[in-house]
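Accompanying notes for the structure given below.
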Amino acid sequence: MQLFKKHINKTITSILVLVMVFSCENNLKAVKEMGISENAPIGVAENMDLKYTDSGRVTATLKSPKMLDYSNRDFPFSEFPERVQMNLFDENNKKSTILADYAIVYDKTGLIDMQGNVILASPQQDTLYAQQLYYDQNREWLFTNKPVTFKSNGNVLKGNMFDSNVKFTEGQLAESKEGVILVTE
């Protein structure tokens with residue numbers, strides 16, 4: 054009788070183990086996503102100082118007190134919610150500086166969207182003021198379709214669109230509203 058009870062206990066234990074093993078799904082992705090909200094960043098970094106290089110030469114730097122990493126999304130991006138300073142360097146290492154209240158870097162497209170009190174200062178002492186400015190890292194191009202004010206050599210021009218390379222040698226200010234151009238003799 055004792056042998057019969059041991060056999061029944063082993064059989065019941067074996068059945069329970071088999072039921073548990075076959076009832077569990079192998080869903081590693083669901084386990085990894087547990088505790089991560091769909092809208093929450095996958096990472097947070099403080100005091101960021103990113104450097105972008107091309108053929109060993111630093112072409113841009115981006116500094117911000119805080120970065121939120123959303124690389125877990127279908128269209129990955131990084132968000133900089135607390136001020137950003139971006140420096141762009143040409144082949145001669147001359148620096149243009151862009152300041153903004155907020156920025157988003159889109160990984161797949163190479164676009165940086167800077168918003169809020171955007172100020173761009175070039176090595177030639179040209180200054181652009183805007184509420185939004187895009188920087189295309191691949192083409193090294195700046196553009197916006199929001200109102201801008203452009204100051205250069207005492208000239209002040211205002212328009213509704215701006216489109217230029219980072220050197221300001223191939224640019225245009227479209228839909229000019231007003232401006233003051235100094236003429237020297």
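So for the sequence shown, this note's numbering puts the first residue at 54; every next one is plus one.
A virtual CB, placed ideally from N, CA and C, is assigned to each residue, including glycine.
Owing to the predicted nature of the structure, the values given are computational and were not obtained by experimental measurement.
By the criterion of at least three beta-carbon pairs nearer than 8 Å, the stretch 128-137 is not in contact with the stretch 207-218.
Straight through space, the alpha carbons of residue 119 and residue 112 are spaced by roughly 22 Å.
Here the alpha carbon of residue 161 sits roughly 20 Å from the alpha carbon of residue 197. In the structure shown, residue 225 falls within a strand segment according to DSSP collapsed to helix, strand and coil. Take the alpha-carbon of residue 105 and the one of residue 181: they are about 23 Å apart.
Cβ contact annotation for residue 159 (same chain, cutoff 6 Å, sequence separation greater than five): 130, in chain order. One thing to note: residue 114 has its Cβ no nearer than 8 Å to the Cβ of residue 122.
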